[in-house]
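Trainee: Chains as they are written, first to last, in our numbering: chain A, 225 to 564; chain B, 225 to 564.
2 protein chains.
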Amino acid sequence: MKKKITIKEIARELNVSVSTVSKALRNRKEIGPETTQKIQAFAKMLNYKPNSIAVSLKNKKTRNIGVIIPEIVHHFFTTVIYGIETVANELGYNVIVCLSNESFDKEVINMETLANSSIDGFIISLAKETQMKKDFHHLKEAIDQGMPLVMFDRIVDEIECDKVIVDDAYGAYNATNHLIRSGCKKIALLTTVDYVSVGNLRTLGYKNAISDAGMQVNNELIIKIENIENCQGEIEKLFNDYDFDGVLAVNEVFAVTAMREALERKIKIPEDISFIGFTDGMLSKHSYPRLTTVQQHGYKMGEEAAKLLINKLEEEKEEEVYTTEIIKTSLIERESTRAI
Amino acid sequence: MKKKITIKEIARELNVSVSTVSKALRNRKEIGPETTQKIQAFAKMLNYKPNSIAVSLKNKKTRNIGVIIPEIVHHFFTTVIYGIETVANELGYNVIVCLSNESFDKEVINMETLANSSIDGFIISLAKETQMKKDFHHLKEAIDQGMPLVMFDRIVDEIECDKVIVDDAYGAYNATNHLIRSGCKKIALLTTVDYVSVGNLRTLGYKNAISDAGMQVNNELIIKIENIENCQGEIEKLFNDYDFDGVLAVNEVFAVTAMREALERKIKIPEDISFIGFTDGMLSKHSYPRLTTVQQHGYKMGEEAAKLLINKLEEEKEEEVYTTEIIKTSLIERESTRAI
DNA sequence: TATTAACACGAAAACGGTTTTCTTGTGTTA
DNA sequence: TAACACAAGAAAACCGTTTTCGTGTTAATA
């Protein structure tokens with residue numbers, strides 16, 4: 225086990241002072257060229273790497289960014305992380321991932337531990353529980369401490385910071401409209417409970433599209449599903465009780481589960497019922513039939529969030545200007561809808 | 225923007241020395257009870273939190289663990305991260321995630337940056353490229369520096385460290401056997417190219433099961449797929465050229481793609497052909513028909529990996545004893561296979 | 001009463017760097 | 001030859017803790 229070598233050791237070996245070594249390694253002109261040469265060569269030979277903790281302590285910069293998400297076994301969130309990681313890495317930052325598991329308390333604890341000089345800034349998507357409680361003191365505190373914060377997807381208007389969102393309402397509007405133009409008359413909506421911001425926006429888009437087409441919104445066709453695990457029961461009920469020819473689902477699982485139900489009832493897709501989901505993940509690509517989906521561009525969201533954060537971290541004067549980046553969704557047409 | 229308060233400030237305000245504050249906050253008995261009281265109360269009032277960077281520098285412990293995985297938009301790896309995160313969090317560690325994107329160079333760079341005192345230890349699953357090149361100097365170096373290392377899933381025998389793997393060969397053996405016992409006579413295998421350790425082991429298990437059943441291994445039915453993205457072509461060819469009544473796939477995507485091909489050819493599942501996949505992810509649960517799979521228990525693997533690592537980090541004497549934890553797979557029977 | 005031990009706390013060094021300030025020797029200028 | 005600018009490097013301060021080693025006071029012991 226060879227120990228890590230420090231500036232001090234280099235200085236001793238070369239009979240110079242530590243400050244000289246430090247400066248030479250960073251090419252300061254106040255050190256003569258041959259001294260610089262000698263020191264750099266020696267350091268390289270010993271494979272010297274500065275201790276990043278010591279540098280962090282001195283510079284009050286860690287070059288770490290904290291990412292807090294509700295879930296990680298989740299296609300959308302992982303694509304976002306992928307985007308964040310890619311940008312962060314290019315710019316020399318590491319990513320510390322924490323999970324809130326949709327819990328308010330865990331979110332708060334995670335933020336508090338990370339805020340203690342472990343990271344330079346946050347990227348966060350709120351836990352459901354936080355959205356429900358509407359308690360955002362932990363976010364405010366982080367901002368108060370001068371720690372930049374970028375929210376994505378599950379955001380909240382009360383907090384002033386950079387934000388990256390998808391045009392959820394518009395995406396849902398568009399998808400619903402697509403169903404209508406392909407001939408659907410009665411479109412069911414599989415959505416989440418109200419406090420989830422994105423579910424709400426998508427519901428709004430759906431309603432607007434139907435109204436704008438001169439049709440009537442039928443609230444009985446709007447199914448608010450609390451728990452993704454047992455959505456099947458509610459979906460079966462929908463099929464039993466009502467008649468419809470199109471389905472918009474706010475996520476992949478709802479859509480695929482509904483398609484299965486249709487398949488098992490020998491309903492033809494897309495001839496009898498058409499389906500559109502949100503999130504273009506594995507399920508959509510590999511479902512049978514392949515699912516038409518609203519692509520959320522998670523990777524792009526991650527990239528943008530990371531860029532916004534790192535910009536804030538590296539800009540000179542701190543302006544209190546916050547931007548909200550809206551990522552356009554796009555509809556990926558596959559086999560679960562009729563061509564227009 | 226309120227600034228962070230330090231021990232020094234507390235000391236000044238209370239007219240005591242910094243060492244007294246430090247000790248009082250950590251309940252050292254050498255500080256009198258009322259002084260301790262006073263200091264702790266004051267610190268709490270000011271919401272003092274120690275600067276974790278300074279603590280890390282002093283203690284040479286960061287309480288961060290680095291996780292390097294080939295991909296993050298991937299069900300298995302995220303379940304592993306979930307397991308790691310859960311254990312790490314309970315024990316007061318943060319998780320820094322780095323992606324190798326299956327690239328050897330990125331893996332090396334990631335390890336080198338993290339090794340510079342950002343973390344206390346590694347959990348890693350190797351990039352395909354690393355497995356192909358068989359260049360493990362970066363792993364050796366980490367160990368040389370006294371940085372504990374735990375490998376999972378994509379491991380390598382040449383490196384001595386703690387390991388967590390799945391009984392891949394046995395899982396495949398078992399699954400193949402299940403197919404045989406349910407009446408399959410000609411079983412195709414959809415696997416990866418040779419250098420991927422897990423693909424190899426699963427192929428081995430498949431072959432053994434067939435031999436042990438007194439049947440002949442037909443190499444034409446073993447399809448080695450290089451690129452998961454365009455597996456469809458190779459699968460179509462299999463259906464065109466050969467005759468078989470069972471399929472074992474080393475991942476979900478291969479299995480589901482093959483099922484789709486069968487469905488489109490009006491082949492009945494599981495009556496005409498039975499299917500088993502590996503990795504019990506979203507696709508298996510929601511495919512049509514639902515896929516019988518070999519469950520890899522990624523969450524458990526993550527937990528075990530984290531426990532092994534943190535044990536090594538916190539044990540007193542460093543013994544050079546390494547364990548290889550083998551997680552049992554289990555077969556989850558669903559609709560794509562016949563009951564036995 | 002002198003000696004020792006326990007107690008409560010402070011000063012300073014250390015962790016590994018970066019940055020600012022000081023020192024010294026050399027060469028230039030008047 | 002005195003005065004000074006300048007280059008090159010050393011020394012010291014600092015980041016925020018923890019830890020070691022004193023030290024003065026009080027209480028217990030011989």
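Note that CB positions come from ideal geometry on N, CA and C, so glycine has one too.
Keep in mind it's a predicted model, so treat the numbers as computed, not measured.
1) In chain B, which residues lie less than 7 Å from A:A278 when you measure between Cβ atoms?
2) Would the beta-carbon of A:A412 fall within 8 Å of that of A:V374?
3) According to DSSP, is B:E549 part of a helix, a strand, or is it coil?
4) Would you please verify whether the beta carbon of A:S341 is less than 8 Å from any beta carbon of chain B?
5) Exposed or buried, what is A:P257 when buried is set at 16 or more other beta-carbons lying within 10 Å of its beta-carbon?
6) Output yes or no for whether 8 Å exceeds the beta carbon distance between A:I293 and A:L249.
7) Which same chain residues end up closer than 6 Å to B:G423 when comparing Cβ atoms and leaving out the 5 residues on each side of it in sequence?
8) DSSP state of A:G395, grouped into three classes?
9) When you compare only the Cα positions, how much space is there between B:P513 and A:I493?
10) Give every residue of the same chain whose Cβ lies closer than 8 Å to the Cβ of A:I452, excluding the five residues on either side of it in the sequence, and list them in chain order.
11) Would you mind reading off the limits of the beta strand (DSSP E) that contains B:A351?
12) Does the Cβ of A:H298 have 16 or more other Cβ atoms within 10 Å, making it buried, or fewer, making it exposed?
13) Taking 8 Å as the threshold (beta carbon to beta carbon), is A:E237 in contact with chain B?
14) By the DSSP assignment, the beta strand (DSSP E) with B:I449 in it spans what residues?
15) Note down, in chain order, each residue of its chain lying with its Cβ closer than 7 Å to the Cβ of A:V441, except the 5 sequence neighbours on either side.
16) Going straight from the alpha carbon of B:M325 to that of B:E365, what length do you get?
17) Over the uninterrupted beta strand (DSSP E) stretch that includes A:D386, give me the two end residues.
18) Taking only beta carbons into account, state which residues of the region 429-451 of chain B come closer than 7 Å to chain A, listed in chain order.
19) Whose C-beta lies closer than 7 Å to the C-beta of B:I231 among residues of the same chain, with five residues either side of it excluded?
20) Residues of chain B with CB under 7 Å from A:L507, in chain order?
21) So if I threshold CB-CB distances at 7 Å, which residues from the region 355-389 of chain B count as touching chain A?
22) Per DSSP, B:S508 forms a beta bridge with which residues?
23) Using 8 Å as the threshold, is the C-beta distance between A:V380 and A:L350 below it?
24) Quick one, are the C-beta atoms of B:M343 and B:T548 less than 8 Å apart?
25) Under 8 Å: do the region 511-525 of chain A and the region 492-512 of chain B share three or more Cβ pairs, one atom per stretch?
26) Is B:T400 closer than 8 Å to B:S498 when the C-beta atoms are compared?
27) Quick one: what's got a C-beta closer than 8 Å to B:A312's C-beta in the same chain, skipping five residues either side?
28) In the DSSP assignment, what are the bridge partners of A:F502?
29) Can you check DSSP and say which residues form a bridge with A:S554?
30) On the criterion of 16 or more Cβ atoms from any shown chain inside 10 Å, does B:I564 qualify as buried, or is it exposed?
31) Tell me, please, whether the CB atom of B:I348 is closer than 8 Å to any CB atom in chain A?
32) For B:R250, return the contacting residues in chain A, with the cut-off set at a CB-CB distance below 9 Å.
33) Between B:I491 and B:E528, which are expected to be in contact by the criterion C-beta below 8 Å, what is the C-beta distance as a whole number of angstroms?
34) Taking 8 Å as the CB-CB limit, is A:V477 close to chain B?
35) Which ranges does the beta strand (DSSP E) cover as unbroken runs of at least 3 residues, wholly within the region 231-306 of chain B, from first to last along the chain?
36) Please compile the residues from chain B whose C-beta is within a distance smaller than 7 Å of the C-beta of A:L462.
Mentor: Quick look at the numbers:
1) L281
2) No, the Cβ-Cβ distance between A:A412 and A:V374 is not below 8 Å.
3) strand
4) The beta carbon of A:S341 falls within 8 Å of a beta carbon belonging to chain B, placing the residue at that interface.
5) exposed
6) no
7) T415, T416 and V474
8) helix
9) 16 Å
10) N475, V477 and F478
11) From DSSP, B:A351 is part of no beta strand (DSSP E); its letter is neither H nor E.
12) buried
13) no
14) Run containing B:I449: I446 to I449, per the beta strand (DSSP E) assignment.
15) So the list reads K431, I434 and S435, once near-sequence residues are dropped.
16) One point to set straight first is that residue 325 of chain B is Asn, not Met, in the sequence displayed. Cα-Cα distance, rounded: 21 Å.
17) D386 to V390
18) Within the region 429-451 of chain B, no residue has a Cβ that lies closer than 7 Å to any Cβ of chain A.
19) V242, V245 and S246
20) The answer, in chain order, is M506, L507 and H510.
21) D368, Q369 and G370
22) Assignment of beta-bridge partners to B:S508 by DSSP yields no partner.
23) yes
24) Looking at the sequence itself, residue 343 of chain B is Ile, so the reference to Met does not match. Result no, Cβ atoms of B:I343 and B:T548 do not sit closer than 8 Å.
25) Flag = yes, the region 511-525 of chain A and the region 492-512 of chain B touch.
26) no
27) I289, N318, V319, A530 and I534
28) A:V518, per the DSSP bridge assignment.
29) The bridge partners DSSP lists for A:S554 are A:Q519.
30) So B:I564 ends up on the exposed side.
31) no
32) Simply none; closest approach about 16 Å.
33) Between B:E528 and B:I491 the Cβ distance is about 40 Å, and since that is not below 8 Å, they are no contact.
34) When Cβ-Cβ separations below 8 Å define contact, A:V477 makes contact with chain B.
35) 288-293
36) Those do not exist, as A:L462 stays about 18 Å from chain B at its closest Cβ, beyond 7 Å.
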